[in-house]
Amino acid sequence: MRGLQLLLAAGLCLLAPAAIAQTNPLAPETFEIGLSTETISVGTNFGGARLVVFGALDNADQRLLRQGRYDIVVILEGPRRDIVVREKKRFFGLWINRGAERFNGVQSSYSLVSTRALRDIAPTTTLRQLDIGSENLEFEAPNAKGVKSERGREFAEAVRRLNAQRGLFTETVGDIDFVSATLFRANLTLPADLPVGRHVARAILFRDGVFVRERSEDLWVVKTGIESQISRFASTDGGLYGLLAVGVAIFTGWFGRIIFKRD
């Protein structure tokens, strides 16, 4: 009898791993991304650029893929900077500053492409947590202490509106192509006044409205030519650069006066 019990126990031990393997869910989806270039050079004749973000999706559920229940959002964020937004109003024919608000860590540019409209991809709370969509970006005021005033929201909306007018904040729906069942390509159009510095390309994967994972790569925008030399000189020798700038301005004014002097 005892031998029979041992045989049954051994059989259960052999069957247990197979049973666990059958009940375990599939491995989670993973994906990697790459950029068509890691550096963009900006010169005097720079008129904008195009960036292609490639990606490969692994361990995807083929049924969900066929049903189009995976969504991808690709974002290129410019360098974060502290900015001051000023409100101007006309006063007796003159435009004067009537108020100002400071924000910390604001993206200097923000380009987004997505498979569908953002409202169809994920709930608003999720989009805000992940900084997806320019309207969901939270600009932090240094003295807000967690309380956002109506005036602060108006200034934040002004930042979004002005950057959108300059082409620095853009959003495009449907500009992501699946070249195969698991390979995708996102096309980003970058503005002519693209900020110089470190940009971050983010790719976010969703499944049925649920965030799965995110990948990111760095993109560097650098100046070239005479602009690069002047910028480097101004940052390393600020005092001398200021004196030369004043000297050039004085000489230009004096020389212009000589040329256009009337007898």
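Just so we're aligned: the sequence shown equals residues 5 to 267 in our numbering.
Backbone N, C-alpha and C define an ideal beta-carbon position, used for all residues, glycine too.
All values derive from a computational prediction rather than experimental measurement.
Scanning its chain for C-beta atoms nearer than 7 Å, with the 5 sequence neighbours on each side dropped, one finds around residue 43 the residues 224, 226, in chain order. Residue 86 counts as exposed, since fewer than 16 other beta carbons sit within 10 angstroms of its beta carbon.
Taking all protein chains in view, the Cβ of residue 88 is surrounded by fewer than 16 other Cβ atoms within 10 Å, so the residue is classified as exposed. Checking the DSSP bridge columns, you'll see residue 224 partnered with 43, 202. When rounded, the separation of the alpha-carbon atoms in residue 171 and residue 195 is 6 Å. One Cα belongs to residue 175, the other to residue 248, and the distance between them is close to 42 Å. When beta bridges are read from the DSSP output, residue 61 appears opposite 35. As for any alpha helix (DSSP H) of minimum length 4 sitting wholly inside the stretch 97–130, the runs are 122–125, ordered along the chain. When 76, 65, 91, 122 are compared, the shortest CA-CA separation from residue 206 is found for 76. The alpha-carbon separation between residue 177 and residue 143 amounts to approximately 24 Å. For residue 190, the uninterrupted beta strand (DSSP E) segment begins and ends at 187–194. The bridge partners DSSP lists for residue 84 are 111.
Scanning 192, 212, 222 for the CA closest to the CA of residue 202 turns up 222.
DSSP links residue 254 through a beta bridge to no other residue.
Within a 10 Å sphere around the beta-carbon of residue 109 sit fewer than 16 other beta-carbons, which makes this residue exposed. Listed as beta-bridge partners of residue 211 by DSSP are 74, 214. Counted as a single uninterrupted DSSP element, the stretch harbouring residue 183 is not any beta strand (DSSP E), since DSSP gives it neither H nor E.
No residue range can be given for residue 140, since it is assigned to no alpha helix (DSSP H) and is classified by DSSP as neither H nor E. In terms of CA proximity to residue 36, 60 leads the group 54, 60, 45, 183. In this structure, residue 228 sits near residue 47, with a CB-CB distance shorter than 8 Å. Around the beta carbon of residue 158, fewer than 16 other beta carbons sit within 10 angstroms, so the residue counts as exposed.
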